[in-house]
Amino acid sequence: MITFFQAASGLNLIDASAEPTAQGAYQAHQANIGILLAALNDELRSHGLRAASQPRHRGFAGDLQEIQSRLEEMVTLLACDER
1 MITFFQAASG
11 LNLIDASAEP
21 TAQGAYQAHQ
31 ANIGILLAAL
41 NDELRSHGLR
51 AASQPRHRGF
61 AGDLQEIQSR
71 LEEMVTLLAC
81 DER
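Okay, so the sequence shown: first residue is 1 according to full-length UniProt numbering, each after it adds one.
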(Lines of atoms letter the chains of each structure in order from A and count residues from 1; the text may use other names and numbers.)
(Lines give C-alpha, C1' and ligand atoms only; values in the text may rest on other atoms or scores of the structure.)
Protein backbone atom coordinates (compact mmCIF):
# COMPACT_ATOMS: atom_id res chain seq x y z
CA MET A 1 0.00 0.00 0.00
CA ILE A 2 1.42 3.37 -1.02
CA THR A 3 1.35 6.10 1.62
CA PHE A 4 1.44 9.78 0.65
CA PHE A 5 2.33 12.92 2.56
CA GLN A 6 2.13 16.62 1.79
CA ALA A 7 5.62 18.08 1.39
CA ALA A 8 6.61 21.62 2.33
CA SER A 9 6.16 22.47 -1.37
CA GLY A 10 2.47 21.59 -1.07
CA LEU A 11 2.92 18.60 -3.38
CA ASN A 12 1.66 15.17 -2.45
CA LEU A 13 4.63 12.82 -2.45
CA ILE A 14 5.08 9.13 -1.69
CA ASP A 15 6.29 8.34 1.82
CA ALA A 16 9.43 6.39 0.93
CA SER A 17 10.11 5.62 4.60
CA ALA A 18 6.90 3.57 4.68
CA GLU A 19 8.19 1.25 1.95
CA PRO A 20 9.25 -2.13 3.37
CA THR A 21 12.16 -2.72 0.96
CA ALA A 22 15.13 -0.71 -0.26
CA GLN A 23 13.90 -1.19 -3.83
CA GLY A 24 10.46 0.14 -2.90
CA ALA A 25 11.99 3.17 -1.16
CA TYR A 26 14.24 3.81 -4.18
CA GLN A 27 11.27 3.66 -6.54
CA ALA A 28 9.26 5.99 -4.30
CA HIS A 29 12.08 8.53 -4.22
CA GLN A 30 12.48 8.19 -7.99
CA ALA A 31 8.77 8.88 -8.50
CA ASN A 32 8.91 11.83 -6.10
CA ILE A 33 11.85 13.31 -8.01
CA GLY A 34 9.80 13.07 -11.21
CA ILE A 35 6.92 14.91 -9.53
CA LEU A 36 9.29 17.59 -8.23
CA LEU A 37 10.96 18.04 -11.63
CA ALA A 38 7.56 18.47 -13.29
CA ALA A 39 6.62 21.07 -10.67
CA LEU A 40 9.98 22.79 -11.20
CA ASN A 41 9.28 23.04 -14.93
CA ASP A 42 5.83 24.50 -14.23
CA GLU A 43 7.31 27.07 -11.84
CA LEU A 44 10.07 27.88 -14.34
CA ARG A 45 7.43 28.69 -16.98
CA SER A 46 5.58 30.97 -14.54
CA HIS A 47 8.84 32.60 -13.48
CA GLY A 48 9.68 33.22 -17.15
CA LEU A 49 6.39 35.02 -17.68
CA ARG A 50 7.01 37.25 -14.67
CA ALA A 51 10.57 37.92 -15.86
CA ALA A 52 9.34 38.83 -19.34
CA SER A 53 6.99 41.41 -17.84
CA GLN A 54 9.93 43.08 -16.04
CA PRO A 55 12.86 42.76 -18.47
CA ARG A 56 15.13 45.16 -16.55
CA HIS A 57 14.74 43.36 -13.21
CA ARG A 58 17.93 41.34 -12.66
CA GLY A 59 16.49 39.50 -9.68
CA PHE A 60 14.88 36.95 -11.97
CA ALA A 61 18.26 36.04 -13.48
CA GLY A 62 19.65 35.77 -9.95
CA ASP A 63 16.89 33.34 -9.04
CA LEU A 64 17.84 31.11 -11.95
CA GLN A 65 21.53 31.36 -11.11
CA GLU A 66 20.77 29.93 -7.66
CA ILE A 67 18.56 27.17 -9.09
CA GLN A 68 21.23 26.27 -11.66
CA SER A 69 23.89 26.07 -8.95
CA ARG A 70 21.78 23.74 -6.82
CA LEU A 71 20.96 21.53 -9.79
CA GLU A 72 24.65 21.29 -10.66
CA GLU A 73 25.33 20.12 -7.08
CA MET A 74 22.67 17.44 -7.42
CA VAL A 75 24.05 16.18 -10.72
CA THR A 76 27.52 16.05 -9.19
CA LEU A 77 26.16 14.10 -6.23
CA LEU A 78 24.62 11.45 -8.49
CA ALA A 79 27.68 11.34 -10.75
CA CYS A 80 29.93 10.63 -7.74
CA ASP A 81 28.00 7.41 -7.15
CA GLU A 82 29.11 6.21 -10.57
CA ARG A 83 32.84 6.72 -9.97
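All C-beta atoms in this analysis are idealised placements derived from N, C-alpha and C, irrespective of residue type, glycine included. Quantities reported herein were computed from a predicted structural model and do not represent experimental measurements.
Boundaries (first-last residue) of the beta strand (DSSP E) holding residue i
{"i": "residue 14", "result": "12-14"}
{"i": "residue 6", "result": "4-6"}
Per-residue burial, residue i [other beta carbons within 10 Å of its own, 16 or more giving buried]
{"i": "residue 33", "result": "exposed"}
{"i": "residue 8", "result": "exposed"}
{"i": "residue 79", "result": "exposed"}
Cutoff 7 Å; reference residue i; Cβ partners in own chain excluding five residues on either side
{"i": "residue 18", "result": "3"}
{"i": "residue 35", "result": "11, 13"}
Start and end residues, alpha helix (DSSP H) containing residue i
{"i": "residue 65", "result": "59-81"}
Cβ-Cβ separation, residue j to residue i (assumed contact under 8 Å), whole Å
{"i": "residue 28", "j": "residue 16", "result": "4 Å"}
Simplified DSSP assignment, three categories, for residue i
{"i": "residue 54", "result": "coil"}
{"i": "residue 17", "result": "helix"}
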